[in-house]
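Engineer: Below you'll find the structure I mean.
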Amino acid sequence: MSTPVVEVTGVHKSFGALHVLRGVDLVAHAGTVTVILGPSGSGKSTLLRSLNHLEKVDRGLVRVGGDLIGYRQAGNKLHELSERQILKQRAGIGFVFQNFNLFPHLTALENVTEAPISAQRKSKAQVYERARELLDRVGLSDKADAYPRQLSGGQQQRVAIARALALEPQLILFDEPTSALDPELVGEVLDVLRDLAAAGTTMIVVTHEIGFAREAADNVIFMDEGQIVEQGPPAQVLDNPQHDRTRAFLSKVL
Ligand code: ADP
Ligand code: MG
1 MSTPVVEVTG
11 VHKSFGALHV
21 LRGVDLVAHA
31 GTVTVILGPS
41 GSGKSTLLRS
51 LNHLEKVDRG
61 LVRVGGDLIG
71 YRQAGNKLHE
81 LSERQILKQR
91 AGIGFVFQNF
101 NLFPHLTALE
111 NVTEAPISAQ
121 RKSKAQVYER
131 ARELLDRVGL
141 SDKADAYPRQ
151 LSGGQQQRVA
161 IARALALEPQ
171 LILFDEPTSA
181 LDPELVGEVL
191 DVLRDLAAAG
201 TTMIVVTHEI
211 GFAREAADNV
221 IFMDEGQIVE
231 QGPPAQVLDN
241 PQHDRTRAFL
251 SKVL
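Written as structure tokens, this is what we have:
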């Protein structure tokens, strides 16, 4: 089998005395959708953030696309990367946040062009053309010149997804992409996620949207108290969970 896009082995992370990740192992292959479920505080965001250099692991190994992101064994120094390596790796990993995190002073189009223009890999004309294609892909070609405050939450999140796609990442991480939205706006964002999944985008999605997990996930992971309690195809984890903790969680969100 090909090298996995994401490889996490034995990862631990604490904030002070709080042991948040307690030995996490995770593999995600190219073109697959991984959905992570779990109660608030179980370490889901910390795990996603450790894939993208937003957190450093205390112990264990993280690789994305075969590149070492973080590595530390007991008693050893953290494997240090240069700032340049970190920026390069981050450019290959899209991140979509719960609260959109758009640049408020930039238009939708400028939010999408900002990173590729700073990366200076393509001409401005190419970057703008591609950004318009991406806005079209998320159904917002008519909002290119709107500022975030002029857009609904669902529209802002779709701009954020277009922005995440702009550097043609090998992986996109979504941290509760619909949980800040009014219920009637959730569907339009999930539709974009479904399209991305169907197009073979490698994605890890933290969400409580069980319907989305059931339809779109290749692998569903249930996390609790900093550990992966169980994982497998949706039919297994959602419909025939093996652990009491998974059953208890699902009975609350379903
Ligand atoms: P989840 O995303 O599953 O809700 P998080 O990974 O955000 O969980 O957080 C796990 C635990 O770590 C929580 O108790 C949270 O308060 C704590 N935590 C997260 N980030 C920090 C931080 N930067 N400093 C201190 N505690 C943190
Ligand atoms: Mg979280």
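Numbering of the sequence shown is given in UniProt numbering, commencing with residue 1 and proceeding in unit increments. All C-beta atoms, glycine included, are put in the ideal place defined by N, C-alpha and C. A quick note: this is a predicted structure, and the numbers were derived from the prediction, not measured.
(1) Distance check for Pro-4 and Gly-66, CA to CA, integer angstroms please.
(2) According to DSSP, which residues form a beta bridge with Glu-7?
(3) Classify Lys-122 as helix, strand or coil using the three-state DSSP reduction.
(4) Is Phe-249 near the ligand NAP - that is, is its Cβ less than 8 Å away from at least one heavy atom of it?
(5) Please report the straight-line C-alpha distance between Ala-199 and Val-192, rounded to a whole angstrom.
(6) Skipping 5 residues on each side, what residues in its chain have a beta carbon closer than 7 Å to that of Asn-111?
(7) Where the beta carbon is closer than 6 Å to any heavy atom of the ligand ADP, which residues qualify, in chain order?
(8) What do you get for Val-220, buried or exposed, if any count of 16 or more other CB atoms within 10 angstroms of its CB means buried?
(9) Got a sec? Which residues, its chain only, sit under 7 Å from Thr-178 by beta carbon, not counting five neighbours each side?
(10) Need the endpoints of the beta strand (DSSP E) that Phe-97 sits in, please.
(11) Taking the alpha-carbon positions, what's the Asp-224 to Arg-49 distance?
(12) Name the DSSP beta bridge partners of Asn-219, please?
(13) Look at the Cβ atom of Phe-174, then the Cβ atom of Val-96, and state whether they are nearer than 9 Å.
(14) For Lys-155, count the other beta carbons within 10 Å of its own beta carbon; 16 or more makes it buried, fewer makes it exposed. Which is it?
(15) Return yes when the C-beta of Glu-176 is under 8 Å from any heavy atom of the ligand MG, and no when it is not.
(16) Which value, in whole angstroms, describes the spacing of the CA atoms of Leu-61 and Asp-142?
(17) Is the separation between the beta-carbon of Val-57 and that of Gly-70 shorter than 9 Å?
(18) Short check: CB of Asp-25 to CB of Gly-43, under 9 Å?
(19) Which first and last residues belong to the beta strand (DSSP E) in which Leu-173 is found?
(20) Does the beta-carbon of Gly-41 have 16 or more other beta-carbons within 10 angstroms, so that it is buried, or is it exposed?
(21) Below 8 Å on the Cβ atoms is my guess for Asp-218 versus Thr-32; work out the distance and round it to an integer in Å.
(22) Quick check on Pro-233: buried or exposed, where buried means 16 or more other Cβ atoms within 10 Å of its Cβ?
(23) If you measure between the beta carbons of Ala-144 and Thr-107, is that distance less than 9 Å?
(24) Would you list the residues sitting across from Asp-224 in a DSSP beta bridge?
(25) Give the DSSP-derived three-state secondary structure of Leu-190 in the structure shown.
Structural biologist: This is what the structure holds:
(1) If you draw a straight line from the Cα of Gly-66 to the Cα of Pro-4, it comes to about 7 Å.
(2) In the DSSP assignment, Glu-7 is bridged to Val-27, Arg-63.
(3) coil
(4) Summarising the ligand content, the structure contains the ligand ADP and the ligand MG and does not contain the ligand NAP.
(5) 11 Å
(6) Leu-102, Phe-103, Val-159, Arg-163
(7) That query returns the following residues: Phe-15, Leu-18, Val-20, Gly-38, Ser-40, Gly-41, Ser-42, Gly-43, Lys-44, Ser-45, Thr-46.
(8) buried
(9) Val-186, Val-189, Leu-190, Thr-207, Glu-209
(10) No beta strand (DSSP E) holds Phe-97; DSSP gives it neither H nor E.
(11) 17 Å
(12) Thr-34
(13) yes
(14) Looking at the sequence shown, residue 155 is not Lys but Gln. Looking at its Cβ environment, which holds 16 or more other Cβ atoms inside 10 Å, Gln-155 is buried.
(15) yes
(16) C-alpha separation (whole angstroms): 44 Å.
(17) Less than 9 Å separates the beta-carbon of Val-57 from that of Gly-70.
(18) no
(19) 171-175
(20) exposed
(21) Right, the Cβ-Cβ distance comes to about 4 Å (below 8 Å), so this counts as a contact.
(22) exposed
(23) Yes, the pair counts as a contact, with Cβ atoms nearer than the cut-off.
(24) Gln-227
(25) helix
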